[in-house]
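Student: Just passing along the structure, written as structure tokens.
2 protein chains.
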Amino acid sequence: MKPHNFSAGPGILPAEVLKQASEACINFDNMNLSLLEISHRSKNYEKVMEEARSIIKELFEVGDEYEVIYLGGGASTQFAMVPYNLLSENGSAAYVNTGVWASKAIKEAKIIGNTKVIASSEDKKFSYIPKGYEIPTDADYLHITSNNTIYGTQIKQFPKTNIPLVCDMSSDIFSRKVNAKDFSLIYAGAQKNMGPAGATMVMVKKDVLGKTGRKMLSMMDYQVHIKGDSMYNTPPVFPIYVTLLTLQWLKKNGGIAWIEKVNQQKADLLYNEIDRNSLFFGTVVKEDRSNMNVCFLTNKPELEPEFDKIWKDANISSIRGHRDVGGYRASLYNALPLESVQVLVDTMKEFEKKFA
Amino acid sequence: MKPHNFSAGPGILPAEVLKQASEACINFDNMNLSLLEISHRSKNYEKVMEEARSIIKELFEVGDEYEVIYLGGGASTQFAMVPYNLLSENGSAAYVNTGVWASKAIKEAKIIGNTKVIASSEDKKFSYIPKGYEIPTDADYLHITSNNTIYGTQIKQFPKTNIPLVCDMSSDIFSRKVNAKDFSLIYAGAQKNMGPAGATMVMVKKDVLGKTGRKMLSMMDYQVHIKGDSMYNTPPVFPIYVTLLTLQWLKKNGGIAWIEKVNQQKADLLYNEIDRNSLFFGTVVKEDRSNMNVCFLTNKPELEPEFDKIWKDANISSIRGHRDVGGYRASLYNALPLESVQVLVDTMKEFEKKFA
Chain W
82 MKPHNFSAGP GILPAEVLKQ ASEACINFDN MNLSLLEISH RSKNYEKVME EARSIIKELF
142 EVGDEYEVIY LGGGASTQFA MVPYNLLSEN GSAAYVNTGV WASKAIKEAK IIGNTKVIAS
202 SEDKKFSYIP KGYEIPTDAD YLHITSNNTI YGTQIKQFPK TNIPLVCDMS SDIFSRKVNA
262 KDFSLIYAGA QKNMGPAGAT MVMVKKDVLG KTGRKMLSMM DYQVHIKGDS MYNTPPVFPI
322 YVTLLTLQWL KKNGGIAWIE KVNQQKADLL YNEIDRNSLF FGTVVKEDRS NMNVCFLTNK
382 PELEPEFDKI WKDANISSIR GHRDVGGYRA SLYNALPLES VQVLVDTMKE FEKKFA
Chain H
82 MKPHNFSAGP GILPAEVLKQ ASEACINFDN MNLSLLEISH RSKNYEKVME EARSIIKELF
142 EVGDEYEVIY LGGGASTQFA MVPYNLLSEN GSAAYVNTGV WASKAIKEAK IIGNTKVIAS
202 SEDKKFSYIP KGYEIPTDAD YLHITSNNTI YGTQIKQFPK TNIPLVCDMS SDIFSRKVNA
262 KDFSLIYAGA QKNMGPAGAT MVMVKKDVLG KTGRKMLSMM DYQVHIKGDS MYNTPPVFPI
322 YVTLLTLQWL KKNGGIAWIE KVNQQKADLL YNEIDRNSLF FGTVVKEDRS NMNVCFLTNK
382 PELEPEFDKI WKDANISSIR GHRDVGGYRA SLYNALPLES VQVLVDTMKE FEKKFA
């Protein structure tokens, strides 16, 4: 029996995607060769790369003013590449600090150039999303993190600004409708809603590039990867293919409009139970609650071992909270079925019945 | 029928590795979850990372003075990371230019600091390995490329030097015995002898690190990855797992001593035919011929379509040469069986019989 997989990332993927991925390890595209042992320059693989990049633009509803590239190195590499490509020698960058990942992005930007943290929720353990802050009009860009995996907060209304808006969407990409045209750069590690670990997606508006005056290392230069159609060097072939399968699955089932509805249902079901159940409470300001990562605690921590027993018996996997928050975190990524959330809710009810 | 796969990279992998990889996409380590959807921090995956790093040290016969890390981004990222970590602000680096990949490494090093090309075979289209060059005793390191995939040359005797020796072994790692202790840093993209695309191995002697005085970006800093046990950020989980399977396959079958013998047999079989056959000739100085990538031309280029028909009919795949060299290139990576080379040799004999 497959466990109900609430892993915070790498996270659950659709069963049909896993099946196709498994088959491609043996026989890819009827070549009688494994996808793991063919040239990335083969026509069969070039199709994969093209289609993946094309679906991303389709889902984001953007045109040729944007380019999509696939890279290795994870979102952590983007923490450095964003300022390396956008922060000019005499310019400045503005950052909003909403958690561990935003803090890491800020750390890298500071190594590269003048970096200002214009808002932060660190004062309350990142349990809310800062709002109403002033955005400097002369900064090279504003960097935000749309969803904070560890703390369970999510930006519901993106800031309005005339400077380029850059967003780390690693943990909620393609989970809801966003106006992608409001952003100059969106990046995401694949391993939550888009696929497995090992591939990172960057979508960038071409007009923000090439302005820093910096002499750039090839692998750190977005323009090099754009020119090379994400094949400047050998790309992470298999992880990218699995993102294609995942994107195809999303598109086939109804795209963003469909998944946004499903994700809202899942989040409502779980948050309603947290608010109703006398033994649990949420850790985050209600209006900023993430639909992807639901963090909650029990008000009888001495009973955690009892609750742990109940959900483990229900074949639930990976809902222990991050060490910085404790308690529980249920990640409701795109591929998680509503049924799994119902099973979790049932265990919470059972726990209440036994111990309240 | 599976083709005889002579792909230059990503290259052929052992059938049993592909089968295990395929299975892990559905059910990894009896977890009833796919390897693609579990946390890299799970105990099940931590074992993978530990064992892979440990087998690498075992195969290289080195001790605790070395660290092995896995990274994303390919060897091309190492072209920048090597000078970023080893080339001090006032120091210099020495490079030997033996082809396209060495040239790319040199290009990146020049962006970072004072870089000298102390020997090159560019004068004869990289058809030989430079020898007898003087190595500056005051350089921070000497960078060489052990095997040149595109031109089909291979260093048979590594230079002796007292300065740190750095080697890109992407295309012949674990194909033959080397004295790893003579090197301060060895790196390799996995996608030839070690596994699929998407993972890069770096083995570094700790005493060469931390000396540049450079303020470093986290993802570019070897020491950050060493400290994080290759888990500073989410690693390319699946590609690394497939390298473990490939390393286990190598070890189980007899390790380096075994594969070196097999690889020599394969190379001898093909080079002997090239030298014997009146319609073919090799492109490389004999003493520098690569045992991994065998480049050859026909002296009747007008008959290439005829030869192409013969080898395609024999179910041979991917022996067209790189566009810089033309003709043919047969890559004889570790997982390629001797039988496949025999099939290729038979087609060459058939071609000669019909057209000589």
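From first to last, the protein sequence lines stand for chains W and H.
Under our numbering, think of the first position of the first sequence as 82, with each following residue one higher.
Under our numbering, think of the first position of the second sequence as 82, with each following residue one higher.
C-beta: ideal position from N, C-alpha, C; glycine also.
Count the CB pairs spanning the stretch 381 to 389 of chain H and the stretch 245 to 259 of chain H that are closer than 8 Å, and state whether there are at least three.
Tutor: The stretch 381 to 389 of chain H is not in contact with the stretch 245 to 259 of chain H.
Student: Report all residues from its chain with a CB closer than 6 Å to the CB of Leu417/W; omit the five preceding and five following residues, and keep chain order.
Tutor: Excluding residues within five positions, the ones whose Cβ falls inside 6 Å are Ile93.
Student: Is the CB-CB distance between Thr281/W and Gly153/W below 8 Å?
Tutor: Yes. Within cutoff.
Student: In this structure, does DSSP put Tyr151/H in helix, strand or coil?
Tutor: Residue state, collapsed to three classes: strand.
Student: Reducing DSSP to helix, strand and coil, say where Leu325/H ends up.
Tutor: Helix at Leu325/H.
Student: Please look up how many angstroms separate the CB atoms of Leu290/H and Tyr222/H, rounded, as I've assumed it's under 8 Å.
Tutor: Not a contact, Cβ separation roughly 12 Å.
Student: Between Glu142/W and chain H, is any beta-carbon pair separated by less than 8 Å?
Tutor: No, no contact with chain H.
Student: Does Pro91/W get closer than 8 Å to chain H when you measure Cβ to Cβ?
Tutor: True, the Cβ-Cβ gap to chain H drops below 8 Å.
Student: So is Ala133/H buried or exposed if we call it buried at 16+ other beta carbons inside 10 Å?
Tutor: Buried.
Student: Is the shortest distance between the beta-carbon of His403/H and the beta-carbons of chain W less than 8 Å?
Tutor: Taking Cβ atoms only, chain W never reaches closer than 8 Å to His403/H, which makes this a no.
Student: Is any beta-carbon of chain H found at less than 8 Å from that of Glu118/W?
Tutor: Chain H, which has a Cβ nearer than 8 Å to the Cβ of Glu118/W, makes this yes.
Student: Of the residues Asn125/W, Val422/W, Ser201/W and Tyr232/W, which one's Cα is nearest the Cα of Leu351/W?
Tutor: Nearest of Asn125/W, Val422/W, Ser201/W and Tyr232/W to Leu351/W, Cα basis: Val422/W.
Student: Specify the secondary structure class of Met112/H as computed by DSSP and reduced to three states.
Tutor: Correct three-state label for Met112/H: coil.
Student: So does the stretch 117 to 124 of chain W actually touch the stretch 87 to 104 of chain H, counting three or more Cβ pairs closer than 8 Å?
Tutor: The stretch 117 to 124 of chain W, when compared against the stretch 87 to 104 of chain H, does touch it at the 8 Å Cβ threshold.
Student: Quick one: give me the first and last residue of the beta strand (DSSP E) that Asn353/H is part of.
Tutor: Taken as a continuous stretch (DSSP letters only), Asn353/H belongs to no beta strand (DSSP E), being part of the alpha helix (DSSP H) at Gly336 to Arg357.
Student: Restricting to Cα atoms, I'd like to know which of Gly172/H, Ala175/H, Val143/H and Asp110/H is closest to Tyr322/H.
Tutor: Closest option to Tyr322/H, Cα to Cα, is Asp110/H.
Student: Distance cutoff 8 Å, beta carbons only. Does Ala102/W sit that close to anything in chain H?
Tutor: True, the Cβ-Cβ gap to chain H drops below 8 Å.
Student: Quick test of the definition: if touching needs 3 or more C-beta pairs under 8 Å, does the stretch 308 to 323 of chain H touch the stretch 258 to 268 of chain H?
Tutor: Counting Cβ pairs under 8 Å, fewer than three are found: no touch.
Student: Mind checking the stretch 287 to 303 of chain W against chain H and listing, in chain order, the residues whose C-beta falls within less than 9 Å of any C-beta there?
Tutor: Here the close residues are Lys296, Met297, Leu298, Ser299, Met300 and Met301.
Student: Can you tell me whether DSSP reads Ala156/H as helix, strand or coil?
Tutor: Ala156/H falls in the helix class under three-state DSSP.
Student: In the DSSP assignment, the beta strand (DSSP E) including Ile225/H goes from what residue to what residue?
Tutor: That run of the beta strand (DSSP E) goes Tyr222 to Thr226.
Student: Since Asp249/W sits in a beta bridge, which residues does DSSP pair it with?
Tutor: Per DSSP, Thr226/W and Tyr268/W.
Student: Using a Cβ-Cβ cut-off of less than 7 Å, give me the residues of the stretch 157 to 186 of chain W that come near chain H, in sequence order.
Tutor: Correct list: Ser157, Thr158 and Ala161.
Student: Can you say whether Lys347/H is buried or exposed, counting buried as having 16 or more other CB atoms within 10 angstroms of its CB?
Tutor: So Lys347/H counts as buried.
Student: Going by beta-carbon coordinates alone, are Ile244/H and Ala220/H separated by less than 8 Å?
Tutor: Yes, the pair counts as a contact, with Cβ atoms nearer than the cut-off.
Student: Between which residues of its own chain and Asn86/W is the CB-CB distance below 6 Å, once the five residues before and five after are set aside?
Tutor: Taken in chain order, the residues that qualify are Ile93 and Ser398.
Student: What whole-angstrom Cβ distance do Pro164/H and Ala190/H have, given they're in contact under 8 Å?
Tutor: Their Cβ separation, rounded to whole angstroms, is 4 Å, which keeps Pro164/H and Ala190/H in contact under 8 Å.
Student: Does the beta-carbon of Pro382/W have 16 or more other beta-carbons within 10 angstroms, so that it is buried, or is it exposed?
Tutor: Under this definition Pro382/W is an exposed residue.
Student: Measure from the alpha carbon of Cys376/W to the alpha carbon of each residue in Tyr303/W, Ile187/W and Leu413/W, then state which is nearest.
Tutor: Comparing Cα positions, the closest option is Leu413/W.
Student: Quick check: the stretch 291 to 305 of chain W against the stretch 329 to 339 of chain W, are at least 3 beta-carbon pairs closer than 8 Å?
Tutor: Judged by Cβ distances under 8 Å, the stretch 329 to 339 of chain W makes no contact with the stretch 291 to 305 of chain W, as fewer than three pairs qualify.
Student: Can you give me the Cβ contacts of Ile307/H inside the same chain, cut-off strictly under 7 Å, excluding the 5 residues immediately before and after it?
Tutor: Only Glu148 and Ile150 meet the Cβ criterion.
Student: Whole-angstrom Cβ separation of Val426/H and Glu354/H, contact assumed at under 8 Å?
Tutor: Rounded, the Cβ-Cβ distance is 5 Å, consistent with contact.
Student: Would you check if the stretch 173 to 189 of chain W and the stretch 327 to 336 of chain W touch, i.e. whether three or more CB-CB distances between them fall below 8 Å?
Tutor: Contact between the stretch 327 to 336 of chain W and the stretch 173 to 189 of chain W is absent, because fewer than three Cβ pairs lie under 8 Å.
Student: So, using beta-carbon positions, are Lys156/W and Ser251/W closer together than 8 Å?
Tutor: What sits at residue 156/W in the sequence shown is Ala, not Lys. Yes; because the gap between Cβ atoms is below 8 Å, this pair is in contact.
Student: Classify Ile279/W: buried if its beta carbon has 16 or more other beta carbons within 10 angstroms, exposed otherwise.
Tutor: Looking at the sequence itself, residue 279/W is Gly, so the reference to Ile does not match. Looking at its Cβ environment, which holds 16 or more other Cβ atoms inside 10 Å, Gly279/W is buried.
Student: Do you know offhand how far Gly294/H's Cα is from Asn171/H's?
Tutor: Cα to Cα, the separation comes out at about 10 Å.
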